[in-house]
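Asker:
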Amino acid sequence: MARGSRNKRNDGKLRKAPSPKPVQSVPHPPRVSHRATRRWIAGASAVVAAIAVGLLWFEPSKAPVQTSAPAELAFVGSESCAGCHETEARLWRTSQHRRAMDHATAQSVRADFNDATFDYAGTRSRFFRKDDKFLVETDGPDGRLATFEVKYTFGIEPLQQYLIQFPDGRIQALSIAWDTRPKQQGGQRWFHLYPDSAITSSDSLHWTKLNQNWNFMCAECHSTNVHKGYEAEQDRFATTFSEISVGCEACHGAGSRHVTWAGINPAARGDDNGLLVRFDERTGITWSASAGTLTPVRSAPPPGLRKEVETCGRCHARRGQLSEDWIPGRPLSDTHRVSLLHRERFHADGQMRDDEETYNYAPFRQSRMFAKGVTCSDCHDPHSAALKAPGDGVCSQCHAPAKYESVAHRHHADVSPQPGCASCHMPERRYMVVDRRHDHGFRVPRPDLSLQAGAPNACNDCHRDKSAAWAAYQIDGWFGPERRGHQTYARAFHAAWSEAADAQAQLAAIAASADVPGIVRASALAELPAPIPDLIRHGLSDSDPLVRLGALDRLEGAPADQLWPLASPQLDDPVRGVRIRAAELLAAVPSARQPAADRDKFTRAAAEFVAAHKLNADRPDSRTALGNFFLRQVNPGAAEAEYRAALRLDPSFAAAAINLSDLYRQLGRDSDGERVLREALSASAQDASLHHALGLTLVRLKRSEEALDELRRAASLDPGQMRYAYVYAVGLNGMGRRDDALSALNQSLREHPNNLELLSAALNVSREKGDMAAALGYAERLALLRPDDPRLANLIRELKR
């Protein structure tokens with residue numbers, strides 16, 4: 000494994016780890032999805048800055064529970080497995096896993112490197128060969144044309160990317176990719192992954208920047224036994240792997256003990272075959288149709304821990320890495336923080352969005368299939384990853400064709416060919432321009448939810464010339480007015496995301512329902528407008544670690560005296576990710592107020608948090624999270640150092656600049672805070688959060704006109720952020736510009752019609768202005784949202800006089 004390479008000369012080269020060496024697993028921190036988008040980056044920055052606690056996606060590891068592989072384990076390579084498992088090895092060699100990454104050779108490179116050119120954002124890139132090398136002339140880190148050698152291929156279908164290595168060990172993914180589809184399907188061409196933008200060297204999404212870095216973003220899921228090996232003091236990588244592609248041990252874990260077992264005389268072998276996990280959830284399981292309904296029923300209830308799904312989820316989930324100490328078959332939350340149903344990545348009904356890669360883990364965990372006990376290998380061969388049967392055959396393994404392939408079910412007798420099961424129940428979404436993927440939520444088409452919550456539906460995916468109302472009418476005619484389905488939570492999340500008055504009640508009902516998927520209950524807890532103590536306690540005792548994490552997330556910002564009784568039991572949770580999140584929250588509780596019996600538990604969990612983020616020290620997100628953690632622990636010197644480190648990695652990283660500026664505010668150094676924010680704005684002039692923070696700093700420096708201009712720019716750059724409009728309006732009102740303040744409030748109310756702060760501010764400004772009719776209108780709107788507030792009732796009576 001990678002650890003041995005640290006004794007070698009650090010020349011920045013990517014090395015294959017010597018095999019077999021002892022594995023000493025080490026906690027490894029967070030990371031984001033390989034295809035980070037501009038919106039995600041901006042959103043993450045805003046969240047971190049606003050709550051001053053760091054990126055919630057990324058956290059680390061602890062030790063009351065033994066999670067590391069035994070010391071004698073080592074990775075032996077897929078060819079060691081092939082000797083006994085010939086059938087599986089043959090299937091694997093045909094898979095995309097086998098070709099997830101490779102050395103750039105004439106056999107592996109699929110693209111046109113015969114002096115081909117591609118124009119993008121004012122740069123003409125040229126792809127050519129010299130001797131046995133594949134080269135690209137394109138814009139480098141400074142924006143100038145330079146020639147780079149392609150060292151590795153990345154992926155195979157429907158596109159292939161190319162990786163370029165730099166002397167400091169960084170490996171960067173070129174954003175110009177090759178479309179490997181047949182020409183008649185639009186393929187066999189170079190294309191840019193951000194075709195509707197103009198990504199240049201000054202942009203955070205440029206191929207040479209942090210957000211296209213293979214070592215952090217891609218390596219774990221495209222190679223086997225990856226150790227990032229970032230050396231923070233030198234700001235360089237010594238990344239290693241034991242196998243360049245996704246091999247047998249990427250799923251089964253280190254195989255040396257199993258190989259040893261296989262070499263023992265069969266008569267002398269024990270029951271332990273040396274594997275770290277037995278994927279035996281399907282062993283002896285049959286599915287049969289229940290009488291009368293033809294609904295498939297599993298011959299035994301599904302196990303609590305879905306080993307196969309959790310193992311596949313390591314790479315087929317939107318998640319951040321907490322630790323390199325991954326063991327197959329354990330809960331994914333032990334080493335990764337899984338993204339919940341966030342509004343920027345999912346629609347209200349849980350469908351994945353077109354422009355945000357969510358992968359299959361979260362949609363599948365929402366499905367009835369998952370709830371009933373279906374696992375990945377029920378449908379996919381685990382070694383080739385191909386479907387077990389062509390077309391609808393994979394569904395008819397369990398679902399009776401006589402019922403589900405009938406005209407009475409499909410209602411498309413006049414269509415040829417008939418739409419397949421996936422057309423209606425697994426709608427496609429497109430990523431990376433050409434990569435179309437099926438949503439694994441296995442949901443029934445719900446055009447009525449398109450009308451109620453804005454979610455897309457499979458009917459209008461085909462009938463684009465028709466409205467959602469038309470599609471809903473057709474569904475009503477075929478199946479009656481009652482809509483049945485496993486995903487019952489769209490209205491609750493839509494209510495939360497649109498700030499509806501009943502959002503709290505709807506989310507609470509979802510969070511409390513045992514019939515709702517765990518990942519949804521976790522998301523509902525995290526989205527609650529205000530914490531409900533009994534519901535939080537119930538969530539913290541849930542068997543699903545995702546639900547416990549969702550409950551902890553909702554405790555963010557709770558008073559310190561309330562936090563400890565609720566969150567401290569999670570400090571020795573059996574799942575690492577839960578322990579870490581608890582430690583992050585409880586860092587704000589002074590040690591003198593921590594019960595003596597809990598201090599050791601907190602110390603261990605806090606050490607896991609710090610270790611994980613230090614292992615991810617190449618990321619400004621993690622350095623900022625560490626700064627926030629140290630600040631909570633009243634260590635401003637350490638916090639300042641981490642924020643500064645984050646800004647060295649990325650001068651435009653808003654969260655670090657804002658939190659450093661706020662630290663300086665606490666230290667009475669607002670002038671230093673202003674300088675930090677202006678430096679960040681020079682690298683990211685369109686970042687609304689930076690303008691907003693600068694405006695607040697200028698208010699404290701008593702430079703009102705400058706402050707107001709910065710607050711105006713923030714509200715203008717990000718009209719969807721209610722807080723910016725509210726603060727700008729307060730500033731305008733404070734300077735006597737009440738009409739302008741009301742205009743700003745009303746403009747934001749068009750996007751946030753049910754926001755209590757905006758309505759309250761508009762009410763107060765109208766009263767100050769003497770416009771009692773307008774004030775009455777705002778008061779009546781508030782009363783609809785807070786019908787039990789006697790003060791509002793009294794105010795309305797007063798305004799009506």
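Numbered per numbering that gives the first Met the number 0, the sequence shown finishes at 800, counting up by one with no gaps.
In this text, a Cβ means the ideal position worked out from N, Cα and C, and glycines have one as well.
1) Can you find the residues in the same chain that come closer than 7 Å, C-beta to C-beta, to residue 64, ignoring five residues on each side of it along the sequence?
2) Taking the alpha-carbon of residue 326 as reference, which of 621, 589 and 72 has the nearest alpha-carbon?
3) From this set, 307, 433, 650 and 443, which residue's C-alpha is nearest residue 409's C-alpha?
4) Extract the residue ranges of the alpha helix (DSSP H) inside the stretch 712–765, only unbroken runs of 4 or more that lie entirely within it.
5) Go through its chain and collect everything with a Cβ distance to residue 436's Cβ below 7 Å, but skip five positions before and after it.
6) Where DSSP assigns a beta bridge to residue 146, which residues make up the other side?
7) Pull the bridge partners of residue 158 from the DSSP assignment, please.
8) Within 10 angstroms of its Cβ, does residue 672 collect 16 or more other Cβ (buried), or is it exposed?
9) Can you look up residue 53 in the DSSP assignment and give me helix, strand or coil?
10) Three or more C-beta pairs under 8 Å: does that hold for the stretch 474–489 against the stretch 444–459?
11) For residue 70, does the count of other Cβ atoms within 10 angstroms reach 16, so buried, or fall short, so exposed?
12) Tell me whether residue 696 is buried or exposed, calling it buried when 16 or more other Cβ atoms sit within 10 Å of its Cβ.
13) Look at the Cβ atom of residue 109, then the Cβ atom of residue 116, and state whether they are nearer than 7 Å.
14) Suppose contacts are defined by Cβ-Cβ distances below 7 Å. Is residue 172 in contact with residue 158 by that definition?
15) Out of curiosity, what's the CA-to-CA distance linking residue 744 and residue 677?
16) Where DSSP assigns a beta bridge to residue 430, which residues make up the other side?
17) What would DSSP say about residue 189, mapped onto helix, strand or coil?
18) Which full runs of the alpha helix (DSSP H) of 4+ residues lie inside the stretch 544–581, going along the chain?
19) Thinking just about the alpha-carbon of each residue, which of 207, 565 and 88 is nearest to the one in residue 144?
20) On a Cα-Cα basis, can you pick out the residue from 694, 472 and 467 that is closest to residue 711?
21) Here's the rule I'm using: 16 or more other beta-carbon atoms within 10 Å means buried, otherwise exposed. How should residue 268 be labelled?
22) Given a cut-off of 7 Å, decide if residue 255 and residue 75 are closer than it, judged by their beta-carbon atoms.
23) Where does residue 115 fall in DSSP's three states?
24) Looking at residue 640: is its Cβ nearer than 7 Å to the Cβ of residue 656?
25) Of the residues 134, 500 and 405, which one's Cα is nearest the Cα of residue 391?
26) What's the call for residue 761, buried or exposed, on a 16-neighbour Cβ count within 10 Å?
27) Which residues in the same chain have their Cβ closer than 8 Å to the Cβ of residue 784, if we skip the five residues on either side of it in sequence?
28) Across which residues does DSSP place residue 129 in a beta bridge pair?
29) Would residue 332 pass as a contact of residue 576 if the rule is Cβ separation under 7 Å?
30) Would you list the one or two residues that DSSP bridges to residue 336?
31) Using a Cβ-Cβ cutoff of less than 6 Å, which residues in the same chain neighbour residue 62 once the five nearest sequence positions on both sides are dropped?
32) Buried or exposed: residue 56, going by 16 or more other Cβ atoms within 10 Å of its Cβ?
33) Taking the straight line between their C-alpha atoms, what separation do you get for residue 395 and residue 384?
34) With 16 as the cutoff for other CB atoms within 10 Å, does residue 619 come out buried or exposed?
35) So, helix, strand or coil for residue 532, using DSSP?
Answerer: In terms of the structure at hand:
1) For residue 64, the pLDDT reaches just 34, beneath the cut-off of 50, and the residue's location in the model is therefore unreliable, although a value from the coordinates is still provided. Same-chain partners within the cutoff: 573.
2) Selected option, being the one with the closest Cα: 72.
3) Residue 443 holds the alpha-carbon nearest to the alpha-carbon of residue 409 among 307, 433, 650 and 443.
4) For the stretch 712–765, whole alpha helix (DSSP H) runs of length 4 or above, ordered along the chain, are 721–733 and 737–750.
5) The residues are 427, 428 and 430.
6) 136.
7) In the DSSP assignment, the residues bridged to residue 158 are 178.
8) So residue 672 ends up on the buried side.
9) Low per-residue confidence applies at residue 53: pLDDT is 30, beneath 50, and the placement is therefore not dependable, though the value from the model is reported in the following sentence. Residue 53 sits in coil when the DSSP states are folded into three classes, being neither helix nor strand.
10) The count of Cβ pairs closer than 8 Å, one atom from the stretch 474–489 and one from the stretch 444–459, reaches three, so the stretches are in contact.
11) With a pLDDT of only 48 at residue 70, under 50, the local geometry of the prediction cannot be trusted, and the value read off the model is given with reservation. Under this definition residue 70 is an exposed residue.
12) Buried: at least 16 other Cβ atoms inside 10 Å.
13) Contact flag unset, no.
14) No, the Cβ-Cβ distance between residue 172 and residue 158 is not below 7 Å.
15) Residue 677 has its alpha-carbon roughly 27 Å from the corresponding atom of residue 744.
16) Beta bridge pairing from DSSP links residue 430 with 434.
17) Under the three-state reduction of DSSP output, residue 189 falls in the strand class.
18) Those alpha helix (DSSP H) runs which fall completely within the stretch 544–581 and span 4+ residues are 544–553 and 559–566.
19) The alpha carbon of residue 144 has as its nearest neighbour, out of 207, 565 and 88, the alpha carbon of 207.
20) Selection 694, 472 and 467 evaluated against residue 711 yields 694 as nearest (Cα-Cα).
21) The residue in question, residue 268, is exposed, as its Cβ has fewer than 16 Cβ neighbours within 10 Å.
22) In contact: residue 75 and residue 255 (Cβ atoms closer than 7 Å).
23) For residue 115, the three-state secondary structure derived from DSSP is strand.
24) The Cβ atoms of residue 640 and residue 656 lie no closer than 7 Å to each other.
25) Restricting attention to 134, 500 and 405, the CA atom closest to the CA of residue 391 is found in 405.
26) For residue 761, the number of other beta carbons within 10 angstroms of its own is at least 16, and it is reported as buried.
27) Excluding five sequence positions before and after residue 784, the CB atoms of its chain that fall closer than 8 Å to its own CB belong to 500, 753, 755 and 758, given in chain order.
28) In DSSP, residue 129 forms a bridge with 132.
29) Less than 7 Å divides the Cβ of residue 332 from the Cβ of residue 576.
30) Note: residue 336 sits in a beta bridge opposite 319.
31) The predicted model places residue 62 with a pLDDT of 30, which falls under 50 and marks its position as unreliable; any figure quoted below should be read in that light. Once the five neighbours on either side are set aside, residue 62 has no close Cβ partner at all.
32) Reliability fails at residue 56, whose pLDDT of 29 lies under 50, so the model's placement of it is uncertain and no value is given.
33) Those two C-alpha atoms are separated by around 18 Å.
34) Counting Cβ neighbours within 10 Å, residue 619 comes out buried, since at least 16 surround it.
35) Looking at residue 532 - three-state DSSP - the assignment turns out to be helix.
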